[in-house]
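**Student:** Chains A and C supply the protein sequences, listed in that same order. Here the first sequence is numbered in our numbering, starting from 4 and rising by one per residue. Here the second sequence is numbered in our numbering, starting from 4 and rising by one per residue. The beta-carbon is built from N, C-alpha and C at its ideal position, and this holds for glycine as well. What you are looking at is a predicted structure, and each value in this text was computed from that prediction instead of being measured.
Protein chains: 2
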Amino acid sequence: MKAEIIAVGSELLVPGRSETNALYITGKLREVGVTVTARVTVADDLELLTSAFRGALSRADVVIATGGLGPTEDDLTREAAAAAIGRGVRRDASLLEGLRARFARYNRVMAPVNEKQADVIEGAVVLPNVRGTAAGQHVETEGRLLFLLPGPPVEMQPMFDGQVLPLVAERAAGAVLRTRVLRIASMSESDVEQAVAPLYKTFTNPGTTILSNPGHVELHLTAEGTSAEEAEARIEELARGMRERLPGRIYSEDGRDLPTVVGALLRERKLTLAVAESCTGGLVAARLTEPAGASEFLERGYVTYSNRSKVDLLGVDPALIERAGAVSEEVARAMAEGARRTAGVDVALAITGIAGPGGGTPDKPVGLVYLAMAGTLGERVRRAHFPGDRERIRHQASQASLEMLRRALLGLPAA
Amino acid sequence: MKAEIIAVGSELLVPGRSETNALYITGKLREVGVTVTARVTVADDLELLTSAFRGALSRADVVIATGGLGPTEDDLTREAAAAAIGRGVRRDASLLEGLRARFARYNRVMAPVNEKQADVIEGAVVLPNVRGTAAGQHVETEGRLLFLLPGPPVEMQPMFDGQVLPLVAERAAGAVLRTRVLRIASMSESDVEQAVAPLYKTFTNPGTTILSNPGHVELHLTAEGTSAEEAEARIEELARGMRERLPGRIYSEDGRDLPTVVGALLRERKLTLAVAESCTGGLVAARLTEPAGASEFLERGYVTYSNRSKVDLLGVDPALIERAGAVSEEVARAMAEGARRTAGVDVALAITGIAGPGGGTPDKPVGLVYLAMAGTLGERVRRAHFPGDRERIRHQASQASLEMLRRALLGLPAA
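#1: Taking the alpha carbon of A/Y305 as the reference point, which residue from A/T355, A/R134, A/D95 and A/Q160 has its own alpha carbon closest?
#2: So with Cβ pairs under 7 Å, would you call C/T40 a contact of chain A?
#3: Per DSSP, what are the beta-bridge partners of C/K5 in this structure?
#4: Hey, is the segment 44–60 of chain C in contact with the segment 7–15 of chain C, meaning 3+ C-beta pairs nearer than 8 Å?
#5: Which of helix, strand or coil does DSSP assign to C/G210?
#6: Just checking: is the beta-carbon of A/P18 within a distance shorter than 7 Å of some beta-carbon in chain C?
#7: Residues of chain A with CB closer than 7 Å to the CB of C/R393, please, in chain order.
#8: Under 8 Å, CB to CB, which of the residues in the segment 246–276 of chain C have a partner in chain A?
#9: Going along the chain, which residues of the segment 44–59 of chain C sit with their C-beta nearer than 7 Å to a C-beta in chain A?
#10: Compare the Cα-Cα distances from C/V112 to each of C/A121, C/Q120, C/S189 and C/L102 and report the closest residue.
#11: Between the Cα of C/L405 and the Cα atoms of C/L323, C/A176, C/G363 and C/A279, which residue gives the shortest distance?
#12: Per DSSP, what are the beta-bridge partners of A/A353 in this structure?
#13: In chain A, which residues lie less than 7 Å from C/A138 when you measure between Cβ atoms?
#14: Around the Cβ of A/E340, are there at least 16 other Cβ atoms within 10 angstroms (buried) or fewer (exposed)?
#15: With 7 Å as the C-beta to C-beta threshold (strictly closer), list the residues of the segment 55–87 of chain C near chain A in chain order.
#16: Mapping DSSP to helix, strand and coil, what is C/I187?
#17: Would you say C/R303 faces chain A, with C-beta separation under 7 Å as the test?
#18: With 16 as the cutoff for other CB atoms within 10 Å, does C/E271 come out buried or exposed?
#19: Give the residues of chain C in contact with A/A288, contact being defined as C-beta atoms less than 9 Å apart.
#20: Going by CA-CA distance only, name the one from C/G363, C/N132, C/A68 and C/T205 that's closest to C/V39.
#21: At which residues does the alpha helix (DSSP H) containing C/T144 begin and terminate?
#22: Return yes when the Cβ of C/A137 is within less than 7 Å of the Cβ of C/P153, no when it is not.
#23: For a contact defined as C-beta to C-beta under 8 Å, what are the partners of C/P360 on chain A?
#24: I'd like to know if C/L26 contacts chain A, where contact means its C-beta is closer than 7 Å to some C-beta of that chain.
#25: Pick out whichever of A/A329, A/V65, A/V350 and A/A335 has its Cα sitting closest to the Cα of A/K273.
#26: Closest by CA to C/V142, which one among C/V123, C/M159, C/R303 and C/Q197?
#27: By Cβ distance, which residues of its chain are closer than 6 Å to C/L380, with the 5 residues on each side in sequence left out?
#28: Closest Cβ-Cβ distance between C/G30 and chain A: below 7 Å?
#29: What does a CB cutoff of less than 8 Å around A/L72 pick up in its chain, not counting 5 residues either side in sequence?
#30: Going along the chain, which unbroken runs of the alpha helix (DSSP H) with 4 or more residues stay wholly within the segment 62–88 of chain C?
#31: Say whether chain C places a C-beta atom closer than 7 Å to the C-beta of A/T292.
#32: Go ahead and pull the three-state DSSP assignment for A/E227.
#33: Using beta carbons (cut-off 7 Å, strictly below), is A/S331 in contact with chain C?
#34: Taking 7 Å as the threshold (C-beta atoms), are C/R183 and C/Y254 in contact?
#35: Have a look at the DSSP bridge pairing and note the partners of C/D315.
#36: Residues of chain C with CB under 7 Å from A/S215, in chain order?
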């Protein structure tokens, strides 16, 4: 089954606006085996909108429109959809009464313009909206399902989940899609590809796609089945093979990011942590404290941006900084050891590097980062050279530092 | 003039993919006065694609398609566009020769399938692609401009800038759009609206829209003119009035974010800074070090997540924490004063609060945050109660702390 999504509103056609509703609907439809073959964003213009509805209804089994159901003259979704299928609209008495009651509740008089929110396409079923004044509509025309939903995600989502998805799923009759995302932090996309391609190419269901991100690679496994259980079992079969080919490399299969995974491991093992950051400037600490519960393991963080702060707070020997440079394996080790000692924690991480764009030399280029770990999980140190701009270098350094800790927590050798 | 954008490719219709190309093109077209009235993303399906081209060409003056120009059987943009306008395709001899030469350069034999990349719609002009094998095409049909461009942004963008935009701009003949964004960190959307609505409602050009974000509000002023200078002058006239109505409140008119603005002020005044963070967990330091150049002013940061670290590193009196609680005005003040003293800096910021979701009490609910400043710019302290989830609370706290510092740097009273 094919679906198309129409997002209505001139305000959606400015740079920088992303399509929250379309992405939400696409994801949910995939899970019931319905593929979105086109999505369109249209300005508030009756002719344009009518043409968009006609086009979508000529191609797709299911058409879902969001937005344009408000009371203003720019809200034209009802009229356009009715025109596209050659039907009229009627003013629904019970919707009108509901609108009046809603206004009365807030002691306001309803302006006549609002009455248009009670207009319903001939033959359409009203989809109640408990969070706003714009009701949705559902109409079947020439074997195709058409849904009109309000634009605010907070109103649209529960209506879609409760009133649209079950109808579409029933029509789609049985085919269920499931996706699992495997995340890897310490390998390049091509290394991951090389390790798993010979395996996943022998599978047609699930299908596999590889996505590369700064600091991690994702394997998306999508399987179809007659039930959720069957789809999940198919995914698990392939995922098992991937785990064997990427031993210890997959840090998450359930959507969690690396700081969340590391935080959970520290809590489980009742270990305390301190971080000492130079070029990442607090990014590791900020990421570790993004999920709730960090107070159980994070004792403190040091943002030792200056040389003086490395000496004062972490007890790094000024002569060592002078001799080896602030960006060096020796100083990274000394920072980690100093953080462990002064904070009195089980484990400490340290990062020092050159995030750029300035400050690089032929010997120590932009992107050079030293990562160190000290404490009860053993000492580790790594020299890395990350590509990209300042933001990417800092993000990759924070990922590599957390991955170093994750591997130590699991008793895996350094990557 | 109206434009529509068609993004081609089934891989674009999965959840989580954003429309990089469409957003890029929308922004550039706005600058030459062309409004994007619809954008559509279509799967690799000849029938769907042909229908999408027909629809767009029936509505818009300019239609720009990206993607689907590769050599595989899924690459159907050429065929679909030709079918939609009722023309054939011809195999272009010089494109074919260029493809063969490209393969020869890498010592590879060109498979016959690649020849299709030399297919050009009858009457179309070839748009060279210096960064890849997929050439673009430009054809005029019934007074409408149709462009086919490759999908990879690195190939598409220079072709669009160099070969498409000048043609469209010439056709749009003179109307130029410019946008300026005014940013405000310390006021609610409704307070900003109340202050400036009486003014901007007297203007039709520029038009004004208000966007609310967690931690800041944006005023988007968009003006049309016959030249860039005229559009800018119109914007400046309205912006001047807004500055009068929002004295000292606008922190940026040039796209810079608050940490960048504060960093520049500190550098100008040659002041050094330390930050002491509890609930924000390093977020303020991480944001201040995102732009390059932070080493000129940021001496260090303290992520004092535990009570012990507040005592050890900042010299906060344990009895004070016991008496007033870690989340209190007194402790915030003591943290700022301790950070200033131990770091030996000109100014220090401190933040302590309850980011949630747990840890709230009736007296000290989730979202309660104390912000303090100590040092040569004077002492300031603020109690705030931020709405939203953990992420929003932390972000708003970091914004409010930076705004406190910005106002002090400019000699403005506390907000």
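**Tutor:** This is what the structure gives:
#1: Measuring from the Cα of A/Y305, the nearest candidate turns out to be A/T355.
#2: Yes, its Cβ sits closer than 7 Å to a Cβ of chain A.
#3: Residue pairing of C/K5 in beta bridges, as defined by DSSP: C/T38.
#4: Because the criterion of three Cβ pairs below 8 Å is met, the segment 44–60 of chain C and the segment 7–15 of chain C touch.
#5: In the structure shown, C/G210 sits in a strand (DSSP, three-state: E or B).
#6: Chain C, which has a Cβ nearer than 7 Å to the Cβ of A/P18, makes this yes.
#7: Within chain A, the residues placing a beta-carbon under 7 Å from that of C/R393 are A295, ordered along the chain.
#8: Of all residues in the segment 246–276 of chain C, none is placed with a Cβ closer than 8 Å to any Cβ belonging to chain A.
#9: Listed by position along the chain: T44, V45, A46, D48, L51, S54, A55 and G58.
#10: When only C-alpha atoms are compared, the closest one is C/L102.
#11: Selection C/L323, C/A176, C/G363 and C/A279 evaluated against C/L405 yields C/A279 as nearest (Cα-Cα).
#12: Partner(s): A/A279 and A/A375.
#13: Going along chain A, no residue has its Cβ under 7 Å from C/A138, so there is no contact; the nearest lies around 25 Å.
#14: So A/E340 ends up on the buried side.
#15: Residues of the segment 55–87 of chain C with a C-beta less than 7 Å from any C-beta of chain A: A55, G58, S61 and R62, listed in chain order.
#16: DSSP places C/I187 within a strand segment (E or B) once states are collapsed to three.
#17: Yes, because at least one Cβ of chain A sits closer than 7 Å to the Cβ of C/R303.
#18: A residue is called buried once 16 or more other Cβ atoms fall within 10 Å of its Cβ, and C/E271, having fewer, is exposed.
#19: Identification of chain C residues near A/A288 by a Cβ-Cβ cut-off of 9 Å yields E280, G284, G285, L286, A288, A289, G304, V306 and Y308, ordered along the chain.
#20: Among C/G363, C/N132, C/A68 and C/T205, the Cα nearest to that of C/V39 is on C/A68.
#21: That residue, C/T144, is in no alpha helix (DSSP H); its beta strand (DSSP E) goes G139 to T144.
#22: Yes. Within cutoff.
#23: Neighbours of C/P360 on chain A, chain order: A295.
#24: Output row for C/L26: interface = yes.
#25: Residue A/V350 is the option with its Cα nearest to A/K273.
#26: Closest option to C/V142, judged by alpha-carbon separation, among C/V123, C/M159, C/R303 and C/Q197: C/V123.
#27: A distance below 6 Å between beta-carbons, with the five flanking residues on each side excluded, links C/L380 to the following residues of its chain, in chain order: V350 and A411.
#28: Chain A contact via Cβ: present.
#29: Around A/L72: D78, T80, R81, Q120, A137, A138, G139, L151, L152, P153 and G154.
#30: The segment 62–88 of chain C is shown to contain whole alpha helix (DSSP H) runs of 4 or more residues at 80–87, in chain order.
#31: Proximity of A/T292 to chain C, defined by a Cβ-Cβ separation below 7 Å, is satisfied.
#32: Of the three classes helix, strand and coil, the one that applies to A/E227 here is strand, per DSSP.
#33: So, not an interface residue.
#34: The answer is no: Cβ separation not under 7 Å.
#35: In the DSSP output, where bridge partners are listed per residue, C/D315 has none listed.
#36: Near A/S215 there are no residues of chain C at all, since even the closest Cβ is about 14 Å away, more than 7 Å.
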